[in-house]
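>
Residue numbers (my numbering): 2 to 253.
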């Protein structure tokens, strides 16, 4: 989704700013060992290895994204190949994927944990993969009180946004569940919906209008998808159904 400020011009810049907000909040240390879970097409892995000189292990459950990220690593970022390893696997299975490897100093999951089946299984697995005192940091989505009490909204979140019902909890319940699992120093920071959902909606609109001016609009089906996406994120920005959050916690 990205973090959109007034000076943000591109989607990749917005995504990088979102990663930076998470790692700054978790006080990520340079030259450490990091597990990046649900990394998309690899941009967060490349950023962490390049700007923080970290050893990065990336995991994604999306096979096409894994193939794209592996190709990007070898063709666009060959200088980082000795610092990045990309794995195809499930976020909820990391305790098995890395059972014979050293523990991680940090674990991050940017804009993906709300999709996991379930987020809580991921947190349980992640706790076992952190060194004592190691930290976990996420950009995630919590439910507002409105969404938490509305069956129709819960249904929409599940079937339109791909958020399992078990993951749709308020910030208070989110924190309580992490503490109950054994995490300490759990902190959730609410972000402005307009700087997440609203910014993305405006960016899509700008790109669409620019394509129209240049007479290079995509096929009708893609245009409909763009209009729906633009409308949905704009609506999410105004209605405050979901609360974007940065989540930080540590292993005792």
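Heads up, the beta-carbon is just placed ideally off N, CA and C, and yes, glycines get one too.
In its own chain, which residues sit with a C-beta less than 6 Å from the C-beta of residue 29, not counting the 5 before and 5 after it?
Mapped onto the chain shown, residue 29 falls at position 28. Cβ within range, chain order: 107.
> What first and last residue would you give for the beta strand (DSSP E) that runs through residue 250?
As a position in the chain shown, residue 250 is number 249, starting the count at 1. Looking at the DSSP string, the run of the beta strand (DSSP E) that includes residue 250 is 243–251.
> Ignore the nearest five residues each way along the sequence and tell me which others in residue 259's own chain have a CB closer than 6 Å to its CB.
In this structure the chain extends from 2 to 253, so residue 259 is not present and cannot be described.
> Taking C-beta to C-beta, are residue 66 and residue 96 nearer than 9 Å?
Along the chain shown, read from residue 1 onward, the residue named residue 66 stands at position 65. Along the chain shown, read from residue 1 onward, the residue named residue 96 stands at position 95. Against a cut-off of 9 Å, the Cβ pair of residue 96 and residue 66 comes out as no contact.
> Note the first and the last residue of the continuous alpha helix (DSSP H) segment covering residue 162.
Residue mapping note: residue 162 aligns to position 161 of the chain shown, counting from 1. Careful: residue 162 lies outside any alpha helix (DSSP H) and carries neither H nor E.
> Where does residue 34 fall in DSSP's three states?
As a position in the chain shown, residue 34 is number 33, starting the count at 1. Strand, per DSSP.
> How many whole angstroms separate the CB atoms of residue 123 and residue 93, which I take to be in contact at a CB cut-off of 8 Å?
Stepping through the chain shown from its first residue, residue 123 is reached at position 122. Stepping through the chain shown from its first residue, residue 93 is reached at position 92. About 5 Å separates the two Cβ atoms, so the contact holds.
> Which of the three DSSP states is assigned to residue 64 in this structure?
Numbered from 1 along the chain shown, position 63 holds the residue referred to as residue 64. Note: residue 64 maps to helix in three-state DSSP.
> Taking the beta carbon of residue 1 as the centre, do at least 16 other beta carbons fall within 10 Å, making it buried, or is it exposed?
Any property of residue 1 remains undetermined from this structure, which presents the chain solely from 2 to 253.
> With residue 95 as the anchor, note down where its beta strand (DSSP E) starts and where it stops.
As a first step, residue 95 is located in the chain shown; it is residue number 94 there, counting from the start. Here residue 95 belongs to no beta strand (DSSP E); instead the alpha helix (DSSP H) covers 95–98.
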